[in-house]
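S.K.:
There are 2 protein chains.
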Amino acid sequence: MALTDIEIARAAKKRPIQEIGEKLGIGSDDLLPYGHDKAKVSQTFINGTKSKENGKLILVTAINPTPAGEGKTTTTVGLGDGLNAIGKKAMVCIREASLGPNFGMKGGAAGGGYAQVVPMEEMNLHFTGDFHAITSAHSLLSAMIDNHIYWGNELEIDIRRVVWRRVVDMNDRALRQITASLGGVANGFPREAGFDITVASEVMACLCLANDLDDLQKRLGDMIVAYRRDRSPVYCRDIKADGAMTVLLKDAMQPNLVQTLENNPAFVHGGPFANIAHGCNSVIATTTALKLADYVVTEAGFGADLGAEKFMNIKCRKAGLAPDCVVLVATVRAMKMNGGVAKADLGAENVEAVKAGCANLGRHIGNVKSFGVPVVVAINHFTGDTEAEVQAVQEFVAAQGSEAIISRHWADGSKGSEALARRVAEIADAGMANFAPLYADDMPLFQKIETIAKRIYHADEVLADKKIRDQLKAWEDQGYGNLPVCMAKTQYSFSTDPNLRGAPTGHSVPIREVRLSAGAGFVVVVCGDIMTMPGLPRVPSAEKIGLNEAGEVEGLF
Amino acid sequence: MALTDIEIARAAKKRPIQEIGEKLGIGSDDLLPYGHDKAKVSQTFINGTKSKENGKLILVTAINPTPAGEGKTTTTVGLGDGLNAIGKKAMVCIREASLGPNFGMKGGAAGGGYAQVVPMEEMNLHFTGDFHAITSAHSLLSAMIDNHIYWGNELEIDIRRVVWRRVVDMNDRALRQITASLGGVANGFPREAGFDITVASEVMACLCLANDLDDLQKRLGDMIVAYRRDRSPVYCRDIKADGAMTVLLKDAMQPNLVQTLENNPAFVHGGPFANIAHGCNSVIATTTALKLADYVVTEAGFGADLGAEKFMNIKCRKAGLAPDCVVLVATVRAMKMNGGVAKADLGAENVEAVKAGCANLGRHIGNVKSFGVPVVVAINHFTGDTEAEVQAVQEFVAAQGSEAIISRHWADGSKGSEALARRVAEIADAGMANFAPLYADDMPLFQKIETIAKRIYHADEVLADKKIRDQLKAWEDQGYGNLPVCMAKTQYSFSTDPNLRGAPTGHSVPIREVRLSAGAGFVVVVCGDIMTMPGLPRVPSAEKIGLNEAGEVEGLF
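Chains as they are written, first to last, in the numbering used here: chain A, 1392 to 1948; chain B, 1392 to 1948.
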């Protein structure tokens, strides 16, 4: 019987983290250890790398997710190991996991099979405390806003217009909407409030987009926390919380070094929501990795319509990055689901369904190419995939002028991903990329939304009522017109209807709401229901989680 | 000009934490580093020490605090260094600081002058994440309770009788009293709720009293979270949260090793409230330290009437500990304040006021002796103290059959505390202690309260209405009668009136409320206003906190 992910992870022969750091030229003084297998890289060391040349940047993204699973993180890790196996100096950059959701459904492994990052348990628990620091910084600002109102409200905040919500890293639906400051004079002025989960905090988005601590403090100061009766904004800087928040975040800002099962280095750092934020690991992790390795493999959230689009239009734009190659992950099973097969029937060979489902893949290929970046499709191999099915995908991709390479990293680690790694390295080395974001900074906000809707989603139109258009106009007048937009829509379809698989056309994109993240530096465009505080299911996985007699964590995976 | 605490701390020549561990016989595999100057001790190592003999246990406590300051932690650290300086193998055990309050008033140093524990900044920030883990574990249970109600409430929890509040490690008065689960069906059943600060969590008290992870899980499971309409209790165990909470706490349960300015080992671990909880560092830190060192110097919260009493009657009782010597910290300045001098006038010599103020000290000496433990008074020396004033204290103490030794650790480090250290070691070595708690387990709860009120506070009577007496009786019927009581009263007086200094008699102790901490294992007796969620002041210190150009934290101290 095959081993489970957790069994494989526990059997890993981890090397001391200092040894992993040495591979990257990081001395032990510049590595702040957290246990024997995790460490943060010092700011001093990072500063010292600025003059080095950048390595090649490889983005791993995917088709629209289906319940069949794609294995985007698994492929990211597998490709990193594959590159190392063929003699390249490569490293991986991925996101940190949120704590709360692990107690609802099963925890998310960092990869799977023989393509994982370890220590897996700790990455699903407190890890190096980054998210706790973000919760603390966010909570401090929350407390200071209400404290300001309590002591006389000199800034004249309209308590009906406090837009800064609170956060907790737990799935707690009871806190979504509350009335705060009840109980009399000593507790302040009663007002409506609510909590989001920590990954939805704008502090998280700021940290993940900041170049350094100074830039972080500036971004935090720029965040809008409330409005006055005359609708003028009150900033975090006005509350004087930005300095103390930066102090709380000073360690969280440093990238976390861990290792793959094959003892190759990986940064796991930051984890903003992929809907109301940009869904990528931190800029500081990616830019630092590019100085330390010749190839950096990173990933973006959800499918390429959301994840890759935001990676290109938000992260790369803000950090001055340009990907050299994009790897688009697909699976035969997901193609079948896109082709209309139910999850229960995925076991049976069905070449026709695979062919039908390839439409989704084809559109993502075209979309990514429109950014001027070459694309390789990685077919993340599952045991049941048949030769004919794999061939159908490969033929389809070839017809699009790209190439689909089968990768068996899940079963075989780097041995299984060497072919993919060779081809990706060739493409990256060839300098074929001619990257440009999809729209210019100075394009009006609504037009930016239309550009994404039409060119990425292939929709006919964007629907927005006057109130929304006026709001966008008002932000342009206030000097926010040069920001990129951050689309929050379903991850399951190019459209805003999660059930519309494949490559739909002729649809409309209705905007329900727009929000300004002035510190992170983007305008969030909400299309449909977006949940920023999940709930727990009827039987939360927490009920089964515990320590076994060996002191190991059970039930988390 | 004298250096500030933070300047002294920053100039410290810290040794790598592995070297500090070596002094205690802890190999680097058994030390989980957090940076280069903090580490947790592995459970494996702790298990391996069980058969060793215990060292001597020395409790540092104090007179009732005055605004003049006593320097209890400073004396604890100074005495630890003094013992090491005279060739003894000694270590210090103190509490961790709470994060939230640092952003209101100035942060608390761990000691002061040349008697400090370092790294000071980190101990006032996230440290090793213990308090964040406690917040997470507490929050998980909170979410699971409301989730249980949401999905059908099989346990028949009366939503008006959910006694489990939420916590956050921040001074946030707006969260003291809230209405939760608003916003419609998807968010649950609206009910009143509220937040305390993390140190007030019963999870904290459980962690600090638990012997190991099994014991911790049992205590967590025993916590009462709500009552049904028939008043029967619903336990954490019924919610099935105890396993996952233990997983979240598995690292937080391990003691944190740091060092004094003189590179001597110190455990800094746990920090329960000193009013609604017992106010001592963790049992696991103290019991482990006793296996590793010949002398362990630890402290308890507030003055001896609360701190030492709870240390003896709660911590020692539950952990099977017995102190060998008690050091009672007093200052000439505090004696003067107890003698009626205003803070502004403390600079002038006033021997008569010192003599008058000694009544408070005298009563504490008598109280501690009533536990069967020998007492040494440490006069924590301040620069302005005159010879005549010091002599007045010494003569008073001698007349009580004890000894007062001047200690200059604040100015001179271990050189200043050697005399105190020699005497304390002599007393501890002499085996003069014959410790017994003040009351037996099987004494009825109300009688336990009366015993403390009469024998420690020297009050005439305890006032409690029928409802409170009935509640205590009901708990006795439910099997909780054998628990110790945990008094929550003002720290500034033997009485419940904070303005009544000195050694009052003839007063009454009115009980306002009693609470059952069934997991921690005590009955909290609330006498007066007890605040479990502080607020921020008009100008919070957070406004001044920030990073300077060297990347150092400014404004926290």
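Ideal placement from N, C-alpha and C gives every residue a C-beta, glycine not left out.
Only a predicted model underlies this, so the values are computations on that prediction, with no experimental measurement involved.
Could you tell me whether any non-hydrogen atom of the ligand FAD is closer than 7 angstroms to the CB of residue 1569(B)?
M.R.: Summarising the ligand content, the structure contains no ligands, and the ligand FAD is consequently not present.
S.K.: How about residue 1403(B) and residue 1688(B): are their beta carbons less than 8 angstroms apart?
M.R.: no
S.K.: Taking only beta-carbon positions, decide if residue 1695(B) is within less than 8 angstroms of chain A.
M.R.: no
S.K.: Which residues of chain B have a Cβ atom closer than 8 angstroms to the Cβ of residue 1638(A), listed in chain order?
M.R.: 1516, 1936, 1937, 1938, 1944 and 1947
S.K.: Straight-line CA distance for residue 1905(B) to residue 1917(B)?
M.R.: Residue 1905(B) and residue 1917(B) have their C-alpha atoms some 6 angstroms from each other.
S.K.: Within 8 angstroms (strictly less), CB to CB, does residue 1878(B) reach chain A?
M.R.: Proximity of residue 1878(B) to chain A, defined by a Cβ-Cβ separation below 8 angstroms, is not satisfied.
S.K.: Looking at C-alpha atoms only, which residue of 1444(B), 1665(B), 1470(B) and 1715(B) is the closest neighbour of residue 1488(B)?
M.R.: 1665(B)
S.K.: Using the C-alpha atoms, what's the distance from residue 1940(B) back to residue 1949(A)?
M.R.: In the structure as shown, chain A begins at 1392 and stops at 1948. Residue 1949(A) is therefore absent and cannot be evaluated.
S.K.: Check whether the Cβ atoms of residue 1876(B) and residue 1913(B) lie closer than 8 angstroms to each other.
M.R.: yes
S.K.: Assuming residue 1589(B) contacts residue 1558(B) under a Cβ cut-off of 8 angstroms, what Cβ separation, rounded to an integer in Å, is found between them?
M.R.: 5 angstroms
S.K.: How would you call residue 1447(B), buried or exposed, if buried means at least 16 neighbouring beta carbons within 10 angstroms?
M.R.: buried
S.K.: Here's the rule I'm using: 16 or more other beta-carbon atoms within 10 Å means buried, otherwise exposed. How should residue 1734(A) be labelled?
M.R.: exposed
S.K.: Are residue 1683(B) and residue 1440(B) close, meaning C-beta to C-beta below 8 angstroms?
M.R.: Yes, these two residues count as a Cβ contact at 8 angstroms.
S.K.: First and last residue of the alpha helix (DSSP H) that includes residue 1906(A)?
M.R.: Where residue 1906(A) is concerned, there is no enclosing alpha helix (DSSP H), although the beta strand (DSSP E) it sits in stretches over 1904-1908.
S.K.: Under a three-way DSSP split, which group does residue 1771(A) fall into?
M.R.: DSSP places residue 1771(A) in strand when its eight states are reduced to three.
S.K.: Looking at chain B, is there any beta carbon in it that lies within less than 8 angstroms of the beta carbon of residue 1576(A)?
M.R.: no
S.K.: Thinking C-alpha only, which one of 1901(A), 1405(A) and 1814(A) is nearest residue 1850(A)?
M.R.: For the residues 1901(A), 1405(A) and 1814(A), the minimum Cα distance to residue 1850(A) belongs to 1901(A).
S.K.: Just how far apart, CA to CA, sit residue 1610(A) and residue 1909(A)?
M.R.: 8 angstroms
S.K.: Looking only at DSSP bridge pairs, what is residue 1689(B) linked to?
M.R.: 1450(B) and 1484(B)
S.K.: Terminal residues of the continuous alpha helix (DSSP H) containing residue 1819(B)?
M.R.: Element bounds for residue 1819(B): 1805-1821.
S.K.: Taking only three categories from DSSP, how would you classify residue 1394(A)?
M.R.: coil
S.K.: Return the chain-ordered ranges of every alpha helix (DSSP H) run that is complete within the stretch 1718-1746 of chain B and spans a minimum of 4 residues.
M.R.: Runs found: 1723-1729.
S.K.: Going by the beta-carbon positions, is the gap between residue 1829(A) and residue 1768(A) smaller than 8 angstroms?
M.R.: no
S.K.: Can you tell me whether residue 1848(A) is helix, strand or coil according to DSSP?
M.R.: coil
S.K.: Is residue 1931(A) close to chain B? Criterion is C-beta to C-beta, closer than 8 angstroms.
M.R.: yes
S.K.: So, with DSSP's three-state summary, where would you put residue 1496(B)?
M.R.: coil
S.K.: Strictly below 8 angstroms CB to CB, what residues from chain B border residue 1349(A)?
M.R.: Only positions 1392 to 1948 of chain A appear in the structure, and residue 1349(A) is not among them; the question remains open.
S.K.: Rounded C-beta distance between residue 1863(A) and residue 1885(A)? I'm assuming under 8 angstroms.
M.R.: About 23 angstroms separates the beta carbon of residue 1863(A) from that of residue 1885(A), a gap too long to meet the 8 angstroms contact definition.
S.K.: Distance cutoff 8 angstroms, beta carbons only. Does residue 1641(B) sit that close to anything in chain A?
M.R.: yes
S.K.: Mind listing, in chain order, the continuous beta strand (DSSP E) runs of no fewer than 3 residues lying wholly within the stretch 1576-1638 of chain A?
M.R.: 1582-1584, 1586-1588, 1615-1619 and 1624-1626
S.K.: Can you pull the DSSP bridge partners for residue 1432(A)?
M.R.: 1422(A), per the DSSP bridge assignment.
S.K.: Among 1407(A), 1412(A), 1852(A) and 1451(A), which has the Cα closest to the Cα of residue 1897(A)?
M.R.: 1852(A)
S.K.: For a test of the three-state rule: what should DSSP assign to residue 1837(A), helix, strand or coil?
M.R.: It is helical.
S.K.: Does any residue of chain B bring its CB to less than 8 angstroms from the CB of residue 1631(A)?
M.R.: Yes, residue 1631(A) counts as interfacial toward chain B.
S.K.: Would you identify the three-state DSSP class for residue 1891(B), choosing helix, strand or coil?
M.R.: coil
S.K.: What residue does the alpha helix (DSSP H) around residue 1787(A) start on, and which one ends it?
M.R.: DSSP places residue 1787(A) in the uninterrupted alpha helix (DSSP H) bounded by 1778-1790.
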